[in-house]
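These notes concern the structure reproduced below.
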Amino acid sequence: MSAPLTHTYRSGEVHRFDAQGQDFIYLVSAGAIFALDGAVGEVLAMLDAAEMAHADLVTALTTGGYSPADAEDLVRELRLARVIVSDQTVLAPSPPKPPEDYPLQALVLNITNQCNLACTYCYEFGADKIATPNGKPKYMTIDTAKASVDLLLAQSGGRPAVHITFFGGETLMNFPLLREVVAYSTDQATAQGRTITFSLTTNATLLTDEIIEFLAVQQIGVTVSIDGPKEMQDKRRVYKSGKGSYDVIEPKLRKLIARHRTRAITARVTLSQGVTDVVKIFRHLREDIGFHEVGFAPVTESGEQAYSLGEEGMVSVLEQFHQLADEWLDYALKGRMHGFSNVSETIGELVQGTNKSHPCGAGLGLLGVSPSGDLSPCHRFTDADSHVMGHVSSGIDRKAQGEFLTKGHVGSKYECQSCWARPLCAGGCHHEAFVRYGDTGHANLHYCDWIRQWTETCLKIQGTLAVKNPEFLEKFAERKGLS
Amino acid sequence: MKHLRPINQKAKAIDESVDTQIAAMQDDVVALQQQVRPHVPMGCTLSFSPGWEVDASGGTAGLCQPVERDIYDCYVTCFWPVQVPDHVNYSPDWASNCSAAAKDWRSLDIIFP
Chain A
0 MSAPLTHTYR SGEVHRFDAQ GQDFIYLVSA GAIFALDGAV GEVLAMLDAA
50 EMAHADLVTA LTTGGYSPAD AEDLVRELRL ARVIVSDQTV LAPSPPKPPE
100 DYPLQALVLN ITNQCNLACT YCYEFGADKI ATPNGKPKYM TIDTAKASVD
150 LLLAQSGGRP AVHITFFGGE TLMNFPLLRE VVAYSTDQAT AQGRTITFSL
200 TTNATLLTDE IIEFLAVQQI GVTVSIDGPK EMQDKRRVYK SGKGSYDVIE
250 PKLRKLIARH RTRAITARVT LSQGVTDVVK IFRHLREDIG FHEVGFAPVT
300 ESGEQAYSLG EEGMVSVLEQ FHQLADEWLD YALKGRMHGF SNVSETIGEL
350 VQGTNKSHPC GAGLGLLGVS PSGDLSPCHR FTDADSHVMG HVSSGIDRKA
400 QGEFLTKGHV GSKYECQSCW ARPLCAGGCH HEAFVRYGDT GHANLHYCDW
450 IRQWTETCLK IQGTLAVKNP EFLEKFAERK GLS
Chain B
0 MKHLRPINQK AKAIDESVDT QIAAMQDDVV ALQQQVRPHV PMGCTLSFSP
50 GWEVDASGGT AGLCQPVERD IYDCYVTCFW PVQVPDHVNY SPDWASNCSA
100 AAKDWRSLDI IFP
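Chains as they are written, first to last, in numbering that gives the first Met the number 0: chain A, 0 to 482; chain B, 0 to 112.
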């Protein structure tokens with residue numbers, strides 16, 4: 000007779016939170032969320048204090064009033080779910096590396112790198128730009144665009160649906176090409192029995208009735224880069240003359256939103272120094288202009304630019320984020336969508352239980368294509384010689400892709416290993432990291448506290464809804480199901 | 000699971016997986032066990048019979064027992080009817096002409112139960 004294994008347990012990597020008087024855990028190794036009963040709380044409290052041998056843990060629970068069988072069942076359940084971890088268990092590194100031939104899901108076509116605005120914080124043309132567009136085509140040709148579509152269809156494996164996002168520069172400066180690409184790719188996809196969907200990002204200055212009609216009929220999702228009401232929009236989103244763009248876009252946006260009902264119309268706000276009145280911006284864009292969803296992100300910059308949000312700006316932004324998050328929850332409890340994307344997006348990922356190997360799909364399921372046909376991890380690396388990842392004519396450069404993905408894997412980011420928010424964050428935007436630290440594989444350490452605070456807020460929202468309106472969460476079961 | 004209630008899709012997947020594992024544990028094979036806990040399988044895996052291995056030089060000549068002796072480990076001490084004839088039920092005399100395995104193993108024959 001050999002002796003049985005003697006397990007010694009410690010608490011697994013769990014982040015505890017509560018909502019509505021209910022205790023929850025966020026299981027970091029998986030991205031799973033569980034509601035707990037009192038027994039689990041007791042076990043975790045004991046193991047937080049010290050590691051315990053199996054027999055001691057069972058004895059402690061039995062002394063506390065559980066039957067030996069119940070205590071054994073409880074310990075086994077927690078061990079199998081990895082809420083508690085035995086020293087006898089060897090855990091595989093999580094999350095695993097995606098396969099090398101991971102199929103493409105989406106392309107971002109930079110159909111032009113030209114823009115009719117000169118926003119002062121622009122990552123493509125501003126002080127921290129990484130693009131090297133000299134001597135390269137300014138507008139994508141139809142041949143390059145068709146080669147891109149062919150690449151997407153060929154490299155997307157058996158995916159029944161793929162997606163193309165049109166991007167710029169200002170996307171609508173090359174609208175004739177956009178129209179041709181929609182027709183060509185729809186034909187190609189249909190011939191293969193697959194579907195292809197489209198979206199575009201625009202500054203809205205060049206929208207016309209004809210374009211709006213086209214976008215509505217073709218069901219093309221529209222994201223508008225806009226910073227809020229006139230005084231904030233015109234602070235940095237200006238023409239080369241310095242003239243603000245608000246008066247030009249405002250009537251066009253109202254027309255777009257009135258006519259285009261087939262896809263969500265989203266506003267994407269860049270927060271920068273002096274443009275931090277989140278609530279006011281939200282009210283204007285959601286309630287006055289009528290966007291379906293409004294999302295906010297601080298400007299990307301090296302940390303030295305005058306338009307930087309700065310610490311104080313960030314604190315104020317976060318306070319207002321929490322105010323809008325409270326509103327979002329009030330709406331959700333009544334079964335209504337509020338429109339604050341920063342919550343909706345995070346809840347979408349929490350409902351799925353996302354456990355990211357990489358912060359986003361860049362270089363993985365998604366690639367950017369520059370006007371010249373160069374491939375890059377995403378649109379933010381377009382035309383940057385330092386980040387070319389192949390060409391639409393020669394295919395994906397697997398070596399460059401492999402290096403990018405190895406660096407970007409959350410497992411290679413030392414600081415992330417002790418952070419409970421890594422299943423959703425995975426170190427944050429590759430481009431932001433490159434601009435800030437000169438390395439796409441660097442964790443975005445300047446955001447860590449903010450990300451953890453925000454994730455905690457969204458976990459509490461999820462917990463509250465799980466108790467009071469679980470049906471509402473089911474709306475998020477389909478990824479991006481709302482846009 | 001009894002104590003953890005899944006709140007998102009990943010948690011539901013873990014819930015199902017744990018329930019499946021627990022069910023599998025309850026249906027575990029116990030025929031060779033004297034008691035349910037601890038789970039210690041009985042039989043040849045526990046007996047140390049040199050002959051299953053190779054000797055220090057990587058060959059079989061220097062083993063404490065001849066490799067042919069392994070036959071009896073399956074035939075007599077362990078009911079394992081796939082590899083060798085079944086000593087208990089239908090071939091009690093299979094090895095009767097083979098008193099010293101290292102010398103007489105050629106007298107072991109194929110059987111047709």
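Cβ atoms here follow ideal geometry from the backbone N, Cα and C, with glycine treated the same way.
Beta carbon of A:L404 nearer than 7 Å to that of A:G362: As a first step, residue 404 of chain A must be located in the first sequence, where it is residue number 405. As a first step, residue 362 of chain A must be located in the first sequence, where it is residue number 363. Yes; because the gap between Cβ atoms is below 7 Å, this pair is in contact.
How many Å lie between A:E76 and A:V84 at the Cα? What you label residue 76 of chain A is simply residue 77 of the first sequence in a count that begins at 1. What you label residue 84 of chain A is simply residue 85 of the first sequence in a count that begins at 1. So the two alpha carbons sit approximately 11 Å from each other.
B:I110, enclosing beta strand (DSSP E) - first and last residue: Counted from its first residue, the second sequence places residue 110 of chain B at position 111. Run containing B:I110: none; DSSP gives neither H nor E here.
Can the beta-carbon of A:V181 be found closer than 7 Å to that of A:Q217? Residue numbering aside, residue 181 of chain A sits at position 182 when the first sequence is read from its first letter. Residue numbering aside, residue 217 of chain A sits at position 218 when the first sequence is read from its first letter. The answer is yes: Cβ separation under 7 Å.
Which complete beta strand (DSSP E) runs does the stretch 54-124 of chain A hold, if anything under 3 residues is left out? 83-85, 105-109
First and last residue of the beta strand (DSSP E) that includes A:S224? Position 225 of the first sequence holds residue 224 of chain A. 220-224 is the span of the beta strand (DSSP E), which, as asked, contains A:S224.
Report all residues from its chain with a CB closer than 7 Å to the CB of A:N341; omit the five preceding and five following residues, and keep chain order. As a working note, residue 341 of chain A is residue 342 in the first sequence. Excluding residues within five positions, the ones whose Cβ falls inside 7 Å are G294, F295, F320.
Can you check whether the CB of A:M139 is closer than 7 Å to the CB of A:P370? As a position in the first sequence, residue 370 of chain A is number 371, starting the count at 1. As a position in the first sequence, residue 139 of chain A is number 140, starting the count at 1. Yes, the pair counts as a contact, with Cβ atoms nearer than the cut-off.
Under 8 Å from the C-beta of B:V17: neighbouring residues of chain A: As a position in the second sequence, residue 17 of chain B is number 18, starting the count at 1. In chain order: E76, L79, A80.
Assign B:P40 to buried or exposed, taking buried as 16 or more other Cβ atoms, counted over all protein chains shown, within 10 Å of its Cβ. Here residue 40 of chain B refers to the residue found at position 41 of the second sequence. Confidence at B:P40 is low in this model, with a pLDDT of 45, below 50, so the placement of that residue should be treated as unreliable; the coordinate-derived value is given next. So B:P40 ends up on the exposed side.
May I ask which residues mark the beginning and end of the alpha helix (DSSP H) holding A:Q461? Residue numbering aside, residue 461 of chain A sits at position 462 when the first sequence is read from its first letter. 447-467 is the span of the alpha helix (DSSP H), which, as asked, contains A:Q461.
Look at A:F166 and A:N115 and say whether their C-beta atoms are less than 7 Å apart. Translated into the one-based positions of the first sequence, residue 166 of chain A becomes position 167. Translated into the one-based positions of the first sequence, residue 115 of chain A becomes position 116. No; because the gap between Cβ atoms is not below 7 Å, this pair is not in contact.
If the criterion is Cβ atoms closer than 7 Å, does the pair A:V223 and A:L270 meet it? Along the first sequence, one-based indexing puts residue 223 of chain A at 224. Along the first sequence, one-based indexing puts residue 270 of chain A at 271. For A:V223 and A:L270, no; Cβs fall outside 7 Å.
DSSP three-state call for A:S240: helix, strand or coil? Walking along the first sequence from the start, residue 240 of chain A turns up at place 241. A:S240 falls in the coil class under three-state DSSP.
Limits of the unbroken alpha helix (DSSP H) element including A:G483: This structure cannot settle anything about residue 483 of chain A, because the visible part of chain A is limited to 0 through 482.
Determine, using beta-carbon pairs with one atom in the stretch 36-47 of chain A and one in the stretch 86-96 of chain A, whether at least three such pairs fall under 8 Å. no
Tell me which residues share the same chain as A:T196 and place their Cβ nearer than 7 Å to its Cβ, disregarding the 5 neighbours each side in the sequence. For the purposes of this step, residue 196 of chain A is taken as residue 197 along the first sequence, with counting starting at 1. If we look at A:T196 and ignore the five residues flanking it on each side, its Cβ neighbours are A160, H162.
Distance check for B:G61 and B:W104, CA to CA, integer angstroms please. Along the second sequence, read from residue 1 onward, the residue named residue 104 of chain B stands at position 105. Along the second sequence, read from residue 1 onward, the residue named residue 61 of chain B stands at position 62. For B:W104 and B:G61, the distance between alpha carbons rounds to 18 Å.
List the whole-angstrom C-beta distance separating A:K96 from A:S356, where the pair is believed to meet the contact cut-off of C-beta under 8 Å. As a position in the first sequence, residue 96 of chain A is number 97, starting the count at 1. As a position in the first sequence, residue 356 of chain A is number 357, starting the count at 1. Yes, they are in contact, since the Cβ atoms of A:K96 and A:S356 sit about 6 Å apart, within 8 Å.
Excluding the 5 residues preceding and the 5 following B:T44 in the sequence, name in chain order all residues of the same chain whose CB lies nearer than 8 Å to its CB. On the second sequence, residue 44 of chain B is found 45 positions in, with the first residue counted as 1. Residue confidence for B:T44 is low, a pLDDT of 49 falling below 50, so the modelled location carries little weight; the figure read from the coordinates is stated next. Once the five neighbours on either side are set aside, B:T44 has no close Cβ partner at all.
Should B:A101 be labelled buried (16 or more other beta-carbon atoms within 10 Å of its own) or exposed? The residue given as residue 101 of chain B occupies position 102 in the second sequence. When all chains shown are included, B:A101 counts as exposed.
Backbone secondary structure at A:P250 - three-state DSSP: Residue numbering aside, residue 250 of chain A sits at position 251 when the first sequence is read from its first letter. Helix at A:P250.
Is it the case that the Cβ atoms of A:D382 and A:N112 are separated by a distance below 7 Å? Locating residue 382 of chain A in the first sequence gives position 383, where the first residue counts as 1. Locating residue 112 of chain A in the first sequence gives position 113, where the first residue counts as 1. Contact: yes.
Suppose contacts are defined by Cβ-Cβ distances below 7 Å. Is A:G352 in contact with A:P92 by that definition? Taking the first sequence and counting its residues from 1, one reaches residue 352 of chain A at position 353. Taking the first sequence and counting its residues from 1, one reaches residue 92 of chain A at position 93. Cβ atoms of A:G352 and A:P92: not closer than 7 Å.
Could you name the residues of the stretch 12-35 of chain A whose beta carbon sits closer than 9 Å to any beta carbon of chain B, in the order they occur along the chain? F23, I24, L26, A29, G30, A31, I32, F33, A34, L35
Per DSSP, what kind of secondary structure is A:F290 in: helix, strand or coil? Translated into the one-based positions of the first sequence, residue 290 of chain A becomes position 291. In the structure shown, A:F290 sits in coil (DSSP, three-state: anything other than H, G, I, E or B).
CA-to-CA distance, A:E300 to A:P11, given in whole angstroms: Locating residue 11 of chain A in the first sequence gives position 12, counting from the first residue. Locating residue 300 of chain A in the first sequence gives position 301, counting from the first residue. Looking at the sequence shown, residue 11 of chain A is not Pro but Gly. About 37 Å.
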